[in-house]
Each structure stands twice: as structure tokens, then as C-alpha cells.
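Working notes, beginning with the structure itself.
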Amino acid sequence: MARSTFVYVTYIRTTPEKLWSALTDGEFIKQYWFGMHGESKWTAGSSWKLVSGDGQIFDAGEIVEAEPPRRLVIRWQHQNKPELKAEGESRCTMELEPSGTAVKLSITHTIEREPSKFIEAVSGGWPKVISNLKSLLETGSIVLQDPYPIESAHSGKA
């Protein structure tokens with residue numbers, strides 16, 4: 247079967263433990279994910295949701311693997327736009343690897359179809375979200391203060 251993949255790698259001046267917490271603390275997530283927050287127990291088999299400030303579920307799925315503070319794998323399906331939801335489930339793998347005074351964060355988001363409008367969409371969204379996360383952990387403030395980039399993050403437009 248054909249596959250579409252998006253890969254994003256960055257280095258963040260922090261510890262694996264702090265980065266893990268930033269990726270899994272629902273309230274902290276709001277600070278860098280444009281007001282969205284994650285809801286989960288963050289253990290393998292637990293449900294997962296990405297929810298807007300007004301309670302709208304944008305993405306949902308299940309935690310497939312959770313190895314704090316090294317690896318998080320989420321079975322992920324978009325819920326907001328019918329054409330993206332229709333593509334089915336994707337898999338998002340986040341790997342944290344110490345690298346000197348930083349942590350290498352690798353995100354691989356894959357769906358079993360080609361081409362994929364969903365992967366086009368996350369290709370526009372992940373860089374914005376992770377840029378905010380990196381800036382917040384390193385400086386205490388985010389770089390992008392716009393409302394959640396629904397068009398770029400969920401339609402493929404940058």
C-alpha cells in the first residue's frame with residue numbers, strides 16, 4: 247500500500263524530561279499549540295484527543311506507545327474536516343534523544359495512502375506548533391501568536 251510521510255526534526259535546549267512534560271501536559275500544550283490542548287492519560291492503550299478552547303475535538307485516537315521520556319506513538323485521526331477524516335487513521339511518532347545540552351525531537355507522521363491531504367495539512371501545521379514549543383522552552387515565550395492556523399494546519403495551505 248502507498249504511504250505518505252512527514253518528518254520534522256529539531257533540537258531544543260532542554261532536558262528529555264522537560265520536553266516530555268511539555269508534550270504531554272494538557273495545560274502546557276495550550277501555551278504553544280494556539281490554545282489547543284491534549285487530553286489523555288498518556289499511557290499505551292489510553293485515548294487521546296486534541297481539543298480547541300471551545301471544546302471542539304480536532305483530532306482523536308489512541309496512545310500506541312509511551313516510553314517517558316523517550317518515545318510517544320499516537321494513532322491519530324483528524325475529526326474536524328470531513329475530507330481529512332475520510333482518509334482514516336495516521337500514526338505520529340515522537341522520539342526524544344539527548345544531544346549535548348539539547349534534545350533532538352523527531353516527529354514522523356505517516357498515513358497509509360498516497361497522496362494524502364492530511365499529510366499535506368500537518369506539513370504546514372507541525373513546523374508552527376514545534377517552533378512555538380522550542381521557543382517557549384528556550385526563552386519562555388512563543389514566536390507565533392496568531393489564532394490556531396486551521397487553514398494551514400488542516401488544509402495544506404501554509
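For the sequence shown, this note's numbering assigns the number 404 to the last residue and increments by one with no breaks. All C-beta atoms, glycine included, are put in the ideal place defined by N, C-alpha and C. What you are looking at is a predicted structure, and each value in this text was computed from that prediction instead of being measured.
*asked:* Would you call the stretch 248-259 in contact with the stretch 367-380, where contact means no fewer than 3 C-beta pairs closer than 8 Å?
replied: These segments touch.
*Locate the alpha helix (DSSP H) running through S369, then write down its first and last residues.*
Within the sequence shown, residue 369 is the residue found at index 123, counting from 1. Per DSSP, S369 belongs to the alpha helix (DSSP H) from 363-385.
_With 16 other Cβ atoms within 10 Å as the buried cut-off, status of E333_ = For the purposes of this step, residue 333 is taken as residue 87 along the sequence shown, with counting starting at 1. If you draw a 10 Å sphere on the C-beta of E333, you find 16 or more other C-beta atoms in it, and that means buried.
*Below 8 Å between beta carbons: does that hold for T354 and S336?*
As a first step, residue 354 must be located in the sequence shown, where it is residue number 108. As a first step, residue 336 must be located in the sequence shown, where it is residue number 90. Not closer than 8 Å, so no.
_Local conformation of I306 per DSSP, three classes_ = As a first step, residue 306 is located in the sequence shown; it is residue number 60 there, counting from the start. A quick correction: the sequence has Ala, not Ile, at residue 306. In this structure, DSSP gives A306 an extended state, which the three-state scheme calls strand.
*Does DSSP classify A268 as helix, strand or coil?*
In the sequence shown, the residue the question calls residue 268 occupies position 22. Three-state result, A268: helix.
*Which value, in whole angstroms, describes the spacing of the CA atoms of S401 and L330?*
The count along the sequence shown starts at 1 and reaches residue 401 at position 155. The count along the sequence shown starts at 1 and reaches residue 330 at position 84. Bear in mind that a pLDDT of 39 at S401, under 50, signals an unreliable position, so the number given afterwards is only what the model happens to contain. If I take the Cα positions, the gap works out to 8 Å.
*Under 8 Å, do A290 and A312 count as touching if we go by C-beta distance?*
Taking the sequence shown and counting its residues from 1, one reaches residue 290 at position 44. Taking the sequence shown and counting its residues from 1, one reaches residue 312 at position 66. Yes, Cβ-Cβ distance for A290 and A312 is below 8 Å.
_What does the alpha-carbon distance come out to for the pair Q323 and E285?_
Along the sequence shown, one-based indexing puts residue 323 at 77. Along the sequence shown, one-based indexing puts residue 285 at 39. A straight-line Cα-Cα distance of about 14 Å links Q323 and E285.
*Take the Cβ of T385 as the centre, count every other Cβ of all protein chains shown within 10 Å, and call the residue buried at 16 or more, exposed below.*
If you number the sequence shown from 1, residue 385 lands on position 139. Exposed: under 16 other Cβ atoms inside 10 Å.
_Identity of the residue in F274, S293, G346 nearest V310 by Cα_ = In the sequence shown, residue 310 corresponds to position 64, counting from 1. Closest option to V310, Cα to Cα, is S293.
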